[in-house]
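Note sheet for the following structure.
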Amino acid sequence: MQLPIYFFGDNHFSPTPSLSNEHKIKKMEEFIREIEKSKGSIFIMGDFFDYYFEYNKNNPNYFEKIFLLLEKIKSKGIEIYFIAGNHDFWIGKEFESLTTKSFLNDQILFAGNKRIYVTHGDGILSWDKGYRLLKIILRSKIFRFLYSLLPKSIAFKVAEKISYERKDSHKIDNKKLDKIHSELIEFARSKWNKDCDIVIMGHYHHSFNFNENQKQLIILDDCCDQQFNYAKYDGNSIIIKSL
Ligand SMILES: [Mn+2]
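Under the numbering used here, the first residue of the sequence shown carries the number 43, and numbering increases by one thereafter.
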């Protein structure tokens, strides 16, 4: 994996055209201009798409513009890694071919002199039990096959509904936020104990950093239409930046 590595995610690019989508694309183009000289790799941390389902045949490509952006990045000699989020785990060969490598599960990176644990961040919390089961069902081959048989217009409506409800769950108060952070710190400690130095995740749509004994937990903020938040790892240390 080429250094530096740029981590970002939660762009939530929508399959339907919108002004917000156009702003996000502009922000991402700005990001590409920023990184093209230093080459390296990008690591997309999931929920890059708000909804993504790839059909084996007659796949409607809602994301032509986004695919062109990825091709542009690749053409500049930058590697592209992708880890699935809770909105975009139904990727297929077409999307994968645009990336250097795509992953459906958490990864440990050995790059530079740190070990980095990368996760989207969903399904970690103690009260996510029901969701963890749902996650297994939704990702199963059989569910995916049955879902692919639905008329595309209906499949799309179902997905829009799920997507909306999932996003709603991000509206939380401070007390809940503290509880979330303390659980994520516990999660990070379990990875630090297994020799990882940095645990990085997205999903929570806000920024949070925690250091302990030279180990780091980084929760990255999202890439919305106003701001493109990312982390740059040069092989020694990781810094949080935004455009
Ligand atoms: Mn997510």
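Glycine is no exception: its CB is placed at the ideal position from the N, C-alpha and C atoms. Nothing here was measured: the structure is a model prediction, and the numbers come from that model.
{"Asked": "Own chain residues within Cβ distance below 6 Å of D267, not counting five before or after", "Found": "S62, H65, K66"}
{"Asked": "Delimiting residues of the beta strand (DSSP E) encompassing I280", "Found": "280-284"}
{"Asked": "Short Cβ contact (9 Å threshold) for Q258 with V241", "Found": "yes"}
{"Asked": "Distance cut-off 8 Å: H162 Cβ against heavy atoms of ligand 1", "Found": "yes"}
{"Asked": "Bridge partners - V200, DSSP secondary structure assignment", "Found": "Note: V200 sits in no beta bridge, so no partner."}
{"Asked": "For L226, the three-state DSSP class (helix, strand or coil)", "Found": "helix"}
{"Asked": "Start and end residues, beta strand (DSSP E) containing Y93", "Found": "Taken as a continuous stretch (DSSP letters only), Y93 belongs to no beta strand (DSSP E), as it is neither H nor E."}
{"Asked": "Contact under 9 Å by Cβ, I115 with F124", "Found": "no"}
{"Asked": "Candidates I158, K217, S60, S224: closest to G277 by CA position", "Found": "I158"}
{"Asked": "Nearest candidate by alpha-carbon position, reference F252, set C265, E228, Y275, D237", "Found": "E228"}
{"Asked": "Residues near S83 by beta carbon distance below 8 Å, same chain, minus five either side", "Found": "M43, Q44, L45, P46, I47, Y48, I120, E121, I122, Y123, T142"}
{"Asked": "Backbone secondary structure at S60 - three-state DSSP", "Found": "coil"}
{"Asked": "Any non-hydrogen atom of ligand 1 within 8 Å of H223 CB", "Found": "no"}
{"Asked": "Where P57 falls, given that 16 or more other Cβ within 10 Å makes a residue buried", "Found": "buried"}
{"Asked": "Cβ-based burial, V160 [other Cβ within 10 Å; buried from 16]", "Found": "buried"}
{"Asked": "Distance cut-off 8 Å: D239 Cβ against heavy atoms of ligand 1", "Found": "no"}
{"Asked": "Nearest neighbour of I86, chosen from E225, S224, N53, N216 [CA to CA]", "Found": "N53"}
{"Asked": "Neighbour-count burial assignment, D130, 16 or more Cβ in a 10 Å radius", "Found": "buried"}
{"Asked": "Buried versus exposed call for N271 [16 or more other C-beta atoms within 10 Å across all chains shown]", "Found": "buried"}
{"Asked": "Burial state of G172 (16 or more Cβ within 10 Å)", "Found": "exposed"}
{"Asked": "Run of the alpha helix (DSSP H) containing E136, from where it starts to where it stops", "Found": "135-140"}
{"Asked": "Supposed contact pair H247 and D264 - C-beta distance, whole angstroms, cut 8 Å", "Found": "5 Å"}
{"Asked": "heavy atom of ligand 1 below 8 Å from D276 C-beta", "Found": "no"}
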